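The opening residue of the sequence shown carries number 314 in the working numbering; numbering runs sequentially from there.
Note that the Cβ used here is the ideal one computed from N, Cα and C, for glycine as well.
All values reported here derive from a predicted model rather than from experimental measurement.
For reference, the structure discussed in these notes is given below.
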Amino acid sequence: MSQAKIHERGQSMVEQVLADAARPAMIDIRSVGKAYGNYTALNGIDMEIRQGEFFSLVGPSGCGKTTLLKIIGGFEQATAGRLLIGGEDMGGTPAYRRPTNMVFQSYALFPHMNIRKNVGYGMRKSRLPAAEKARIVDDALALVKMSDFADRLPGQLSGGQKQRIALARAIVCKPKVLLLDEPLGALDKRLREEMQFELKSLQRRLGITFVCVTHDQEEAMSMSDRIAVMSAGRLLQIDTPDNLYERPVSRGVADFVGSMNFFDVKLRERHDNGSRLTLAGGIVVETVNRGEGTVLALRPEWLRLSAEPPAPSVNTMTCTLTERSYLGGRNVYLVQTGASDRPVSVMAQQTHSPTALLQPGERLWLSWAPEAGVLLPS
Ligand SMILES: Nc1ncnc2c1ncn2[C@@H]1O[C@H](COP(=O)(O)OP(=O)(O)OP(=O)(O)O)[C@@H](O)[C@H]1O
Ligand SMILES: [Mg+2]
314 MSQAKIHERG
324 QSMVEQVLAD
334 AARPAMIDIR
344 SVGKAYGNYT
354 ALNGIDMEIR
364 QGEFFSLVGP
374 SGCGKTTLLK
384 IIGGFEQATA
394 GRLLIGGEDM
404 GGTPAYRRPT
414 NMVFQSYALF
424 PHMNIRKNVG
434 YGMRKSRLPA
444 AEKARIVDDA
454 LALVKMSDFA
464 DRLPGQLSGG
474 QKQRIALARA
484 IVCKPKVLLL
494 DEPLGALDKR
504 LREEMQFELK
514 SLQRRLGITF
524 VCVTHDQEEA
534 MSMSDRIAVM
544 SAGRLLQIDT
554 PDNLYERPVS
564 RGVADFVGSM
574 NFFDVKLRER
584 HDNGSRLTLA
594 GGIVVETVNR
604 GEGTVLALRP
614 EWLRLSAEPP
624 APSVNTMTCT
634 LTERSYLGGR
644 NVYLVQTGAS
654 DRPVSVMAQQ
664 THSPTALLQP
674 GERLWLSWAP
684 EAGVLLPS
């Protein structure tokens, strides 16, 4: 490739990154609140969902995910704040006039209509010629790989097949935004994983904005461009999957996205390259200055266990192995340390090294790199 071509390609990549950042907000949620009588289901939610983005809402049961999705779709009215879709204020716009379509967790297929009629239902009032409508239905069925099932009734399909039909039905009207509430909730683990890829690739091919609710954080991580973590009606953090994992801003997020070990920091002394932290039991460790707060957070896979003192001997403490569970290719060890009352969880890949044979009761060394931890508010 010529220098000019390389330069051109680099230039166009830069332009793409800039274009992504400048992509207009498809959905603009401004200080949205929802009260049911005295109960506050949503409190001051602010978020912008970009055009063409795969965006997920995650959080524990009852935190307000479905409520927010219904407000976007027009099935519930916010009691505070504003909602704009494509730059237009949606106050007073009923669900059927919004450029959105919602796939409900229950799929809500009509049991007495065959699959073809179910999928075409949203076009029943459209003035398109019948042949054109049939073509759109066929295309949608082909997209979800369900063409062979067009004449069956919903009761004659499996959960995963019904889920695809619900998707096909939602896309025939070409919504700008697809709202999905726990779309894979009824599926077993294996089918779920398969459908995660299918959903993501469908979203790419259609190029429409997906807003997906799930209580499964791993699922959200695997599919989404960005994720909003919610708790008790509030927004905790919006970020890309890797930033949420590597740089959570609070314990709530760290705990919800993967598992995390927390150590209280008794004393922090800053120096040129980071900080020296004193933990409980007078244990002193080093960390880079990542995050802010008085709790040191460490992911189980950032930690190492060894039978001998590790060299160099920074960020290390002795511990006792209390439990081990084998997860197929990986081991999770629980160890008791002097730096915390709670057991510390360590994830290790199964190897043929002696670590793989660690047994409960053994005295070991726990260690990690100074770059591994993140500081969080308590
Ligand atoms: N119509 C209603 N009247 C009163 N309270 C409601 C109503 N709908 C939802 N709530 C309450 O609002 C809160 C948020 O509900 P929502 O359905 O949004 O939770 P969620 O995050 O979707 O939970 P899950 O993961 O269990 O589906 C819950 O405490 C729920 O009980
Ligand atoms: Mg819900």
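{"Asked": "Within 8 Å, strictly: CB atoms of LEU671 and LEU611", "Found": "no"}
{"Asked": "Pocket of ligand 3 (residues with CB nearer than 5 Å to any heavy atom), chain order", "Found": "Among the ligands present in this structure, namely ligand 1 and ligand 2, ligand 3 is not found."}
{"Asked": "Validate contact between the region 359–379 and the region 539–553 using beta carbons, cut 8 Å, 3 pairs", "Found": "yes"}
{"Asked": "Assigned exposure category for THR413 - 16 Cβ within 10 Å defines buried", "Found": "buried"}
{"Asked": "Identified DSSP bridge partners for THR522", "Found": "VAL490"}
{"Asked": "Any non-hydrogen atom of ligand 2 within 7 Å of VAL526 CB", "Found": "yes"}
{"Asked": "THR600 - partner residues in DSSP beta bridges", "Found": "SER588"}
{"Asked": "Beta-carbon proximity list for GLU614, same chain, < 6 Å, skipping 5 on both sides", "Found": "MET660"}
{"Asked": "Cβ shell of ASP464 (< 6 Å), same chain only, five flanking positions each side left out", "Found": "ASN427"}
{"Asked": "Closest Cα partner of GLN649 within the set SER658, ARG643, GLY642", "Found": "SER658"}
{"Asked": "Helix, strand or coil at ASP654 according to DSSP, with G and I counted as helix", "Found": "coil"}
{"Asked": "According to DSSP, residues forming a beta bridge with VAL578", "Found": "LEU592"}
{"Asked": "Limits of the beta strand (DSSP E) - the one that LYS347 falls within", "Found": "338–349"}
{"Asked": "Closer than 7 Å: ASP555 CB and nearest ligand 2 heavy atom", "Found": "no"}
{"Asked": "contact_flag[the region 386–400, the region 444–452] where n(CB pairs < 8 Å) is 3 or more", "Found": "no"}
{"Asked": "Cβ contact check for the region 577–591 and the region 401–416: 3 or more pairs under 8 Å", "Found": "no"}
{"Asked": "DSSP state of PHE417 mapped onto helix, strand, coil", "Found": "coil"}
{"Asked": "Contact test: ASP341 Cβ vs ligand 2 heavy atom, cutoff 7 Å", "Found": "no"}
{"Asked": "Straight-line Cα distance separating GLY346 from TYR434", "Found": "33 Å"}
{"Asked": "Euclidean distance between Cα positions of VAL597 and GLU531", "Found": "33 Å"}
{"Asked": "Heavy atom of ligand 2 within 7 Å of ASP494 beta-carbon", "Found": "yes"}
{"Asked": "Rounded straight-line distance, which links the Cα of ALA483 to that of ALA455", "Found": "14 Å"}
{"Asked": "Boundaries (first-last residue) of the alpha helix (DSSP H) holding ALA533", "Found": "530–536"}
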